[in-house]
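Engineer: The structure follows.
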């Protein structure tokens, strides 16, 4: 059986470096908090270590395609944090819920299409059985560091 890491390799995807947290808050929150059989993923953005990969408002400075790419990059940041906390992405049994916040220009309402960047990545790697999840996409005026997308998630751990 192919693992998630096998799929990442097949797709030519490397995970980014871990984000250390906002300056001054590094020890005030966990990127991933495990409680019982669930892992709660704090809000992540499109970052590679301390480098912000995308900034701007979707539907303004950024196209919907740019937003989709930012949501996908955010998913990769989440995967790096899950691997760090769980030791292996195989410990993710299934995806339960994702909340996507999109820094949108006034009048931009194609938020679900932006969040498809995250969801499509999860489905590519875990397939529909383990990757399907409930999801919300909400437009917001501002996000930390000027990022266009922030995603938080809940995953069920494998038995």
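In this note's numbering, the protein residues as written are 4 to 162.
All C-beta atoms, glycine included, are put in the ideal place defined by N, C-alpha and C.
If you're wondering where the values come from, they're calculated on a predicted model, not measured in any experiment.
1) Going by Cα to Cα distance, which pick from 8, 70, 162 is closest to residue 82?
2) Restricting to Cα atoms, I'd like to know which of 60, 20, 93, 92 is closest to residue 109.
3) Should residue 150 be listed as close to the ligand ADP, given that the test is whether its C-beta is under 6 Å from any heavy atom?
4) To the nearest angstrom, how far is the alpha carbon of residue 161 from that of residue 86?
5) Any idea what DSSP makes of residue 107, helix, strand or coil?
6) Given a cut-off of 7 Å on the beta-carbon distance, is the pair residue 105 and residue 95 in contact?
7) Helix or strand or just coil, what does DSSP make of residue 150?
8) By DSSP, does residue 21 sit in helix, in strand, or in coil?
9) Just how far apart, CA to CA, sit residue 34 and residue 6?
10) Using beta-carbon positions only, say whether residue 149 and residue 114 come within less than 7 Å of one another.
11) Quick check on residue 65: buried or exposed, where buried means 16 or more other Cβ atoms within 10 Å of its Cβ?
Structural biologist: In terms of the structure at hand:
1) 8
2) 60
3) Although the ligand ADP was asked about, the structure shown includes no ligands whatsoever.
4) If you take the alpha carbons of residue 161 and residue 86, they lie about 13 Å apart.
5) strand
6) no
7) coil
8) coil
9) 23 Å
10) No. Outside cutoff.
11) When all chains shown are included, residue 65 counts as buried.
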